[in-house]
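One structure is given here, and the rest of the page talks about it.
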Amino acid sequence: MKRSIVLACCVAVVAGAVVFAGERAKSPGTASPEPYVESQVIETPSGFRVHIRNPKRLDEVVNYAKYIVEGKIVAAEDLAEPISLQEGTPERAISEQSGMGAVQTRHGTNYTIQVLDSIKGQLQDQKITMYLTDDDQSYRPKLSVGEQYIFLLDWNDAIGRYVDFHPYASYFKVDASNKVKTIYKSTTDFSELDNQSFDKVRQKIKDIVQQGNG
70 MKRSIVLACC VAVVAGAVVF AGERAKSPGT ASPEPYVESQ VIETPSGFRV
120 HIRNPKRLDE VVNYAKYIVE GKIVAAEDLA EPISLQEGTP ERAISEQSGM
170 GAVQTRHGTN YTIQVLDSIK GQLQDQKITM YLTDDDQSYR PKLSVGEQYI
220 FLLDWNDAIG RYVDFHPYAS YFKVDASNKV KTIYKSTTDF SELDNQSFDK
270 VRQKIKDIVQ QGNG
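First residue of the sequence shown: 70, per this note's numbering; consecutive thereafter.
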């Protein structure tokens with residue numbers, strides 16, 4: 070049985086993903102940007118169909134992110150956690166219709182990130198935990214211990230951990246030569262950052278943050 074979930078700026082308890090919709094944050098004093106350039110539907114290994122709406126401009130995702138950090142992945146821990154699906158939610162209805170019940174085991178990974186620089190948002194610790202379910206990881210870049218990124222993140226109260234909000238646009242990889250490798254390249258705003266110096270990309274993001282706070 071196929072199960073469809075449209076994710077727009079929210080956390081799906083089953084799939085665990087946060088997907089950008091471009092509707093929450095806007096820069097003060099500017100016209101509303103086009104909310105997304107295209108959409109796509111991805112079917113996860115567990116049979117969920119996730120509707121992803123992709124951003125058009127860099128300032129959309131920078132303004133949308135609650136936290137932007139430069140960080141290095143220092144640990145990865147695989148987890149199997151029992152979760153109770155809340156009564157009355159679409160996730161619970163889908164689960165019960167498919168015969169899986171109200172309690173499920175959520176499989177995923179905690180990634181411990183050593184924060185090297187906080188670009189946006191106030192962090193309480195120099196090490197933070199980002200969580201991705203196994204389904205999430207099936208359509209995201211493969212993350213490995215030792216890799217360095219600029220992460221664009223949100224906070225999930227339900228699980229008490231940081232999460233991304235787009236499977237590609239939330240990640241800017243920094244390679245050994247201090248160059249940025251963009252994961253999301255669907256528009257010029259993002260593709261032109263590929264292979265640029267880390268300092269240049271970081272400053273561009275910081276400038277957008279400052280403009281948004283002005």
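Just so it is clear, CB atoms sit at the ideal spot from N, CA and C, and this is done for glycine as well.
Any chain B beta carbon closer than 8 Å to residue i
i           : result
residue 242 : The displayed structure is made up of one protein chain only, and chain B is not part of it.
Range of the contiguous beta strand (DSSP E) that encloses residue i
i           : result
residue 126 : Element bounds for residue 126: n/a, residue is neither H nor E.
residue 140 : 136 to 153
residue 187 : 172 to 189
residue 225 : 217 to 225
residue 259 : Residue 259 -> not in any beta strand (DSSP E); alpha helix (DSSP H) instead, spanning 257 to 260.
residue 192 : That residue, residue 192, is in no beta strand (DSSP E); it is neither H nor E in DSSP.
residue 233 : 230 to 233
residue 240 : 240 to 243
Cα-Cα separation, residue i to residue j
i           : j           : result
residue 189 : residue 235 : 17 Å
residue 212 : residue 180 : 9 Å
residue 125 : residue 222 : 18 Å
residue 96  : residue 144 : With a pLDDT of 31 at residue 96, under the threshold of 50, the predicted position of this residue should be treated as unreliable, though the coordinate-derived value follows. Cα to Cα, the separation comes out at about 35 Å.
residue 177 : residue 146 : 8 Å
residue 241 : residue 262 : 9 Å
residue 280 : residue 170 : 48 Å
residue 267 : residue 109 : 29 Å
residue 248 : residue 205 : 26 Å
residue 116 : residue 237 : 21 Å
residue 252 : residue 119 : 19 Å
residue 111 : residue 208 : 8 Å
residue 141 : residue 161 : 36 Å
residue 131 : residue 239 : 9 Å
residue 149 : residue 218 : 26 Å
residue 153 : residue 165 : 12 Å
residue 216 : residue 265 : 17 Å
residue 275 : residue 172 : 42 Å
residue 156 : residue 113 : 23 Å
residue 163 : residue 175 : 15 Å
residue 186 : residue 278 : 14 Å
N-terminal and C-terminal residue of the alpha helix (DSSP H) that residue i is part of
i           : result
residue 209 : Premise fails: residue 209 is in no alpha helix (DSSP H) and is neither H nor E.
residue 252 : Premise fails: residue 252 is in no alpha helix (DSSP H) and is neither H nor E.
Beta-bridge pairing of residue i - partner residues as DSSP gives them
i           : result
residue 158 : Paired residue(s): none; residue 158 is not in a bridge.
residue 273 : Answer is none; residue 273 lacks a bridge partner.
residue 21  : The question about residue 21 has no answer here: the residues shown for the chain are numbered 70 through 283.
residue 278 : In DSSP, residue 278 forms no bridge with anything.
residue 202 : 177
residue 266 : 248
Inset, instruction - For the segment 213 to 233 and the segment 130 to 138, state whether three or more C-beta atom pairs, one from each stretch, are separated by less than 8 Å. - result: Output reads yes: the segment 130 to 138 touches the segment 213 to 233.
Legend entry - Contact between the segment 229 to 248 and the segment 194 to 214 (3+ Cβ pairs under 8 Å): Contact annotation: the segment 229 to 248 touches the segment 194 to 214, with at least three C-beta pairs closer than 8 Å.
Inset, instruction - Please determine if the segment 244 to 263 and the segment 108 to 128 are in contact, where contact requires at least 3 C-beta pairs separated by less than 8 Å. - result: Yes: at least three Cβ pairs fall under 8 Å.
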